[in-house]
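K.L.:
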Amino acid sequence: MSPIPLTYRIIFNYVEPLLATLGAVQAVVAPRDLLRLSLPSVPYTTAMYPLFPQMCGAWLMFAFHDAVTLRIYQDVHVWKHILGAAIFSDLGYTAGLAKSMGLAWFCNPLRWDAANAFTVVSTLLPLLAKILFVVGVGLPRPVPKVKVSDKEL
17 MSPIPLTYRI
27 IFNYVEPLLA
37 TLGAVQAVVA
47 PRDLLRLSLP
57 SVPYTTAMYP
67 LFPQMCGAWL
77 MFAFHDAVTL
87 RIYQDVHVWK
97 HILGAAIFSD
107 LGYTAGLAKS
117 MGLAWFCNPL
127 RWDAANAFTV
137 VSTLLPLLAK
147 ILFVVGVGLP
157 RPVPKVKVSD
167 KEL
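Using this note's numbering, the letters of the sequence shown correspond one by one to residues 17 to 169.
If you want it as structure tokens, here you go:
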């Protein structure tokens with residue numbers, strides 16, 4: 017039996033790799049739409065296009081680690097290291113969203129349209145799940161090791 021709770025396995029082995037893969041495809045196929053969704057205040061120019069395959073590569077790497085590496089290694093320590101690294105990427109992406117949308121808009125769901133809602137929620141929920149996993153929320157507590165005396169009985 018896996019030491020990783022089912023909820024985390026569903027999020028990180030299925031949901032997040034799917035979202036990352038869809039984002040990677042959109043980065044290459046429809047970069048203008050991706051930019052409009054993620055950084056609405058930035059106008060698209062064709063000179064920006066080389067950035068999008070780079071985003072695609074990063075997102076495919078995350079999708080691979082979530083769908084393959086984490087599935088192979090059912091070890092809490094491996095998961096914490098991989099997801100811990102991904103937190104830095106998510107924080108950078110989230111900071112870019114907040115900067116582009118404006119902090120007041122980013123923090124007020126009542127002002128979001130459907131595209132804003134999808135972008136922010138599909139970024140923040142996996143980020144929150146990563147943080148909860150890394151700090152150990154919902155993980156089984158390790159069994160303390162008991163020192164046995166070296167004396168013979």
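All C-beta atoms, glycine included, are put in the ideal place defined by N, C-alpha and C.
Could you give the DSSP three-state label for SER17: helix, strand or coil?
P.N.:
The sequence shown places Met at residue 17, rather than the Ser named in the question. DSSP places MET17 in coil when its eight states are reduced to three.
K.L.:
Out of curiosity, what's the CA-to-CA distance linking GLN42 and ALA74?
P.N.:
13 Å
K.L.:
Touching or not, the segment 24–36 and the segment 80–92, by the rule of three or more beta carbon pairs under 8 Å?
P.N.:
yes
K.L.:
Within the same chain, show all residues whose beta-carbon is closer than 6 Å to that of SER57, passing over the 5 residues directly before and after it, in chain order.
P.N.:
SER116
K.L.:
In this structure, how does DSSP classify TYR24 when only helix, strand and coil are distinguished?
P.N.:
Per DSSP, reduced to three states, the secondary structure at TYR24 is helical.
K.L.:
Measuring only the C-alpha atoms, how far is LEU119 from ALA133?
P.N.:
14 Å
K.L.:
Is PRO47 buried or exposed, if buried means 16 or more other CB atoms sit within 10 Å of its CB?
P.N.:
buried
K.L.:
Would you say ALA114 and PHE104 are within 8 Å of each other, going by their C-beta atoms?
P.N.:
no
K.L.:
Thinking C-beta only, is PRO69 closer than 8 Å to VAL44?
P.N.:
yes
K.L.:
Kindly indicate which three-state DSSP category SER57 falls into: helix, strand or coil?
P.N.:
coil
K.L.:
Which residues in the same chain have their Cβ closer than 7 Å to the Cβ of ASP91, if we skip the five residues on either side of it in sequence?
P.N.:
Result list for ASP91: empty, nothing under 7 Å.
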